[in-house]
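Student: Residue numbers (the UniProt record's numbering), protein chains in the order written: chain A, 1 to 341; chain U, 1 to 341.
We treat Cβ as the ideally placed atom computed from N, Cα and C, and that holds for glycine.
The following block contains the structure, expressed as structure tokens.
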DNA sequence: TTGAAAGCGCTAACAA
DNA sequence: TTGTTAGCGCTTTCAA
């Protein structure tokens with residue numbers, strides 16, 4: 001392995017000068033720099049990032065903790081986060097906790113403030129939240145996708161107004177004339193997505209809908225469980241004309257179930273989700289949903305984390321992401337008399 | 001930050017002893033170890049992984065390079081790879097190259113043999129392949145999901161017999177009586193998936209099918225382009241009764257297109273893919289596909305990479321993953337007289 | 001079984 | 001503008 005001092009020797013300078021060339025080029029005379037650069041090229045020198053990290057006390061690595069990357073929402077977030085990190089000169093380490101607090105704790109313990117200059121934690125449940133708070137002393141931690149802007153957590157966070165997302169979904173269904181509505185609330189990979197369902201319920205109430213008529217189900221966060229929940233739902237509440245799911249996976253699962261049961265979407269039943277994952281527009285019928293601008297939030301989160309690392313004073317405790325927006329596609333339509341039994 | 005020597009001082013031993021306690025516990029007397037452990041607990045000591053990495057010359061970090069994590073195949077691989085890495089005491093750094101050789105080169109240059117003890121590279125095209133070969137001198141690199149077991153690359157790899165996957169798909173369609181077949185070949189995130197299509201073609205030939213009747217299209221690797229390609233296909237070849245796609249995304253896109261065009265799947269047209277991503281069984285109709293055991297291959301790849309790092313002599317240049325298997329679901333059925341124009 | 005000491009490769013004062 | 005020097009926190013011979 002070629003080291004800094006070998007480069008220095010070859011360029012007939014000292015290690016300090018090489019180091020200077022490698023970062024602030026100002027302090028070194030152009031001819032010297034040239035010589036150093038050439039030596040670097042000739043020797044094929046590559047800096048040892050571990051040594052640099054140790055000397056600098058920072059590793060240029062950010063960690064992203066998430067519960068399960070197989071949930072299609074995460075890859076989209078990761079993609080944007082990795083780009084943002086890369087552009088800012090950081091690496092991104094993905095830490096998958098498998099929904100296991102033990103693993104989350106281990107990761108947090110090992111990397112916060114050591115391997116990673118900062119940690120971005122997504123969709124925390126209460127246990128995870130506690131862990132993060134106690135891990136804050138080790139290094140900067142930021143919560144991404146915090147769902148309750150009205151009650152900031154005890155850690156820095158990037159929040160998204162998910163209650164508003166729920167309200168937008170409610171408004172859309174109401175405007176289409178639906179009154180027999182069912183709601184599927186996902187577990188959000190650890191933390192119940194209740195900001196979304198609360199927002200939805202509040203809007204219904206505001207518009208004078210009797211919440212007693214609202215069929216409610218709590219389910220795991222996946223297409224499969226959306227499918228199962230929808231079947232169960234219609235066995236119990238056959239007169240439902242619209243389904244609100246707190247995320248797109250559930251909504252997609254519901255649509256699949258409806259199709260299997262011979263229900264037309266949206267003619268018999270409308271379905272709306274939240275998030276606007278890729279799949280939402282790739283399905284047929286394409287899913288109506290409330291977009292939360294995953295990319296923008298990911299970028300904002302990375303930028304905020306970096307600021308938290310570099311200038312902690314300048315980073316506000318809570319940053320609010322862009323507002324959710326309704327994306328109308330083909331899975332919702334006006335209420336019609338149901339043709340089936 | 002609490003350091004090793006602070007722990008040592010508190011336990012009234014030297015740093016070397018603490019270090020010994022932290023790894024090979026044999027060499028130290030139980031009572032001493034006990035004192036050290038207590039000091040660690042009292043001080044809340046956490047080892048500095050950068051320092052350890054520098055001293056040991058290894059970072060316990062593995063890097064996974066892939067072209068675009070938003071492709072649903074990758075998260076499934078990442079999930080399994082991360083688990084395997086974690087269980088083996090390694091971290092996993094995800095490097096997304098955005099299909100950009102520049103970014104790939106930069107990553108390889110920066111991390112191979114430095115930040116990462118080893119690098120797993122997926123789905124390389126030729127450019128990437130060259131890069132990897134020249135980066136091998138920096139540190140262990142292993143190609144995952146090599147598609148051509150019959151021609152091993154110039155690097156260590158874990159291969160999967162994708163030609164066989166194509167052949168299995170062909171056999172299935174032939175057994176169902178299909179003769180008017182179309183083939184959608186994906187670009188595989190950089191490297192054309194031609195092992196799959198070659199295997200498919202070879203099987204057809206073997207069974208005496210005239211390849212001239214095989215409509216062939218090359219497309220980008222996504223649901224959207226599968227959709228578009230399928231529409232285009234039927235405009236030109238309306239008599240096709242079965243579609244083979246070299247991966248599930250294309251197959252899923254094709255099904256969506258068929259549904260939109262009013263074609264029943266599988267009654268009018270059968271569709272088969274390769275991979276068996278999660279989505280394949282979550283769709284309606286559920287997709288018939290050839291499973292390549294992503295999880296097992298990911299695990300095998302991580303294990304192989306670790307062996308390549310620890311005992312390079314014991315790691316064979318090419319390891320063959322489990323054989324692909326046909327998974328029959330609802331998107332394929334016997335050929336029937338087509339009812340449409 | 002424990003301690004002493006050197007060093008991993010780089011950075012960052014400070015001095016020249 | 002360049003060199004000297006002293007670490008960063010840990011591991012690892014080697015000696016005691």
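1) Does the Cβ of residue 141 of chain A have 16 or more other Cβ atoms within 10 Å, making it buried, or fewer, making it exposed?
2) Count the other C-beta atoms from every protein chain shown that fall within 10 angstroms of the C-beta of residue 30 of chain A, then say buried if there are 16 or more, exposed otherwise.
3) Between residue 340 of chain U and chain A, is any beta-carbon pair separated by less than 8 Å?
4) Show which residues of chain U have a CB atom less than 8 Å away from the CB atom of residue 49 of chain A.
5) With DSSP as the reference, label residue 243 of chain A as helix, strand or coil.
6) Given residue 342 of chain A, which residues of its chain have a CB within under 7 Å of its CB, disregarding the five upstream and five downstream residues?
7) Apart from the five residues just before and just after residue 122 of chain A, which ones in its own chain have a Cβ nearer than 6 Å to its Cβ?
8) Helix, strand or coil for residue 115 of chain A per DSSP?
9) Work out the CA separation of residue 306 of chain A and residue 170 of chain A for me, nearest whole Å.
10) According to the neighbour-count rule (16 or more other Cβ atoms, all chains shown, within 10 Å of its Cβ), is residue 147 of chain U buried or exposed?
11) Using a Cβ cut-off of 7 Å, pull out every chain U residue sitting near residue 224 of chain A, in sequence order please.
12) Just tell me which of A:48, A:1, A:62 has its CA closest to the CA of residue 309 of chain A.
13) Using three-state DSSP, classify residue 294 of chain A as helix, strand or coil.
14) Determine the DSSP secondary structure at residue 95 of chain A, reduced to helix, strand or coil.
15) Just to confirm before moving on: does the CB-CB distance between residue 154 of chain U and residue 133 of chain U stay below 8 Å?
16) For my contact list, residue 182 of chain A and residue 259 of chain A are in at a C-beta cut-off of 8 Å; report their separation, rounded to the angstrom.
17) Under a Cβ-count criterion, where at least 16 other Cβ atoms within 10 Å of its own Cβ denotes burial, should residue 328 of chain U be classed as buried or exposed?
18) Three or more C-beta pairs under 8 Å: does that hold for the segment 251–269 of chain A against the segment 218–234 of chain A?
19) Report the option in U:16, U:113, U:103 whose CA atom is closest to the CA atom of residue 51 of chain A.
20) Anything in chain U within Cβ reach of residue 79 of chain A, meaning under 9 Å, just list it in chain order.
21) Can you tell me which of the three DSSP states residue 89 of chain U falls into?
22) Based on the DSSP output, what are the partners of residue 186 of chain U in its beta bridges?
23) Would residue 238 of chain U be called buried (16 or more neighbouring beta carbons within 10 Å of its own) or exposed?
24) When the distance is taken between beta carbons, is residue 296 of chain A closer than 8 Å to residue 321 of chain A?
25) Going along the chain, which unbroken runs of the beta strand (DSSP E) with 3 or more residues stay wholly within the UniProt region "Disordered" (314–341) of chain U?
26) Residue 22 of chain U to residue 90 of chain U, Cα distance in whole Å?
27) Going by beta-carbon coordinates alone, are residue 413 of chain A and residue 10 of chain A separated by less than 8 Å?
28) Just to confirm the assignment, what range does the beta strand (DSSP E) spanning residue 144 of chain U have?
29) Just tell me which of A:77, A:288, A:129, A:267 has its CA closest to the CA of residue 244 of chain A.
30) With distances taken Cα to Cα, identify the nearest neighbour of residue 223 of chain U among U:247, U:202, U:203, U:82.
31) Can you grab the Cα-Cα spacing for the pair residue 175 of chain A / residue 225 of chain U, in whole Å?
32) On the three-state DSSP scale, how would you describe residue 308 of chain U?
33) Relative to the C-alpha of residue 335 of chain A, which candidate in A:177, A:274, A:215 has its C-alpha closest?
34) Kindly list the residues whose CB is nearer than 8 Å to the CB of residue 357 of chain U, restricted to its own chain and excluding five residues on each side of it in sequence; keep chain order.
35) Could you please give me the residues that DSSP links to residue 62 of chain A through a beta bridge?
36) Per DSSP, what kind of secondary structure is residue 69 of chain A in: helix, strand or coil?
Tutor: Looking at the coordinates:
1) The residue in question, residue 141 of chain A, is buried, as its Cβ has 16 or more Cβ neighbours within 10 Å.
2) Classification of residue 30 of chain A: exposed, given that the 10 Å Cβ count is below 16.
3) Reliability fails at residue 340 of chain U, whose pLDDT of 47 lies under 50, so the model's placement of it is uncertain and the value that follows must be treated cautiously. With its beta carbon at least 8 Å from every one in chain A, residue 340 of chain U lies outside the interface.
4) Under the 8 Å cutoff, chain U gives 110, 111, 114, 115.
5) Look at residue 243 of chain A here: in three-state DSSP terms it is strand.
6) Only positions 1 to 341 of chain A appear in the structure, and residue 342 of chain A is not among them; the question remains open.
7) Taken in chain order, the residues that qualify are 66, 144, 145.
8) For residue 115 of chain A, the three-state secondary structure derived from DSSP is coil.
9) Approximately 36 Å, taken between the alpha carbons.
10) Classification for residue 147 of chain U: buried.
11) In chain order: 282.
12) Ranking A:48, A:1, A:62 by CA distance to the CA of residue 309 of chain A puts A:62 first.
13) Secondary structure at residue 294 of chain A: helix, using DSSP grouped into helix, strand and coil.
14) In this structure, residue 95 of chain A counts as strand in the three-state DSSP scheme.
15) In contact: residue 154 of chain U and residue 133 of chain U (Cβ atoms closer than 8 Å).
16) Their Cβ separation, rounded to whole angstroms, is 17 Å, which puts residue 182 of chain A and residue 259 of chain A out of contact at 8 Å.
17) By the 10 Å Cβ count, residue 328 of chain U comes out exposed.
18) Taking one beta carbon from each stretch, the segment 251–269 of chain A and the segment 218–234 of chain A have 3 or more pairs nearer than 8 Å; the two touch.
19) Minimum Cα distance to residue 51 of chain A is reached at U:113.
20) Here the neighbours are 68, 69, 70, 96, 98.
21) DSSP places residue 89 of chain U outside both helix and strand once states are collapsed to three, so it counts as coil.
22) According to the DSSP secondary-structure assignment, residue 186 of chain U is paired through a beta bridge with U:219.
23) Classification of residue 238 of chain U: exposed, given that the 10 Å Cβ count is below 16.
24) In terms of Cβ geometry, residue 321 of chain A and residue 296 of chain A form a close pair [threshold 8 Å].
25) The qualifying runs are 318–320, 325–327.
26) Spanning the alpha carbons of residue 22 of chain U and residue 90 of chain U requires a straight line of approximately 17 Å.
27) As displayed, chain A neither begins before 1 nor continues past 341, which places residue 413 of chain A out of reach and without an answer.
28) Counting along the chain, the beta strand (DSSP E) containing residue 144 of chain U begins and ends at 141–146.
29) Nearest C-alpha to residue 244 of chain A: A:288.
30) Of the candidates U:247, U:202, U:203, U:82, the one whose C-alpha sits nearest the C-alpha of residue 223 of chain U is U:247.
31) If you take the alpha carbons of residue 175 of chain A and residue 225 of chain U, they lie about 34 Å apart.
32) DSSP places residue 308 of chain U in helix when its eight states are reduced to three.
33) Nearest option by C-alpha distance: A:177.
34) The structure shown does not extend to residue 357 of chain U, since chain U is modelled only from 1 to 341, so the question has no answer here.
35) For residue 62 of chain A, which the question treats as bridged, DSSP gives the partners A:92, A:118.
36) Coil.
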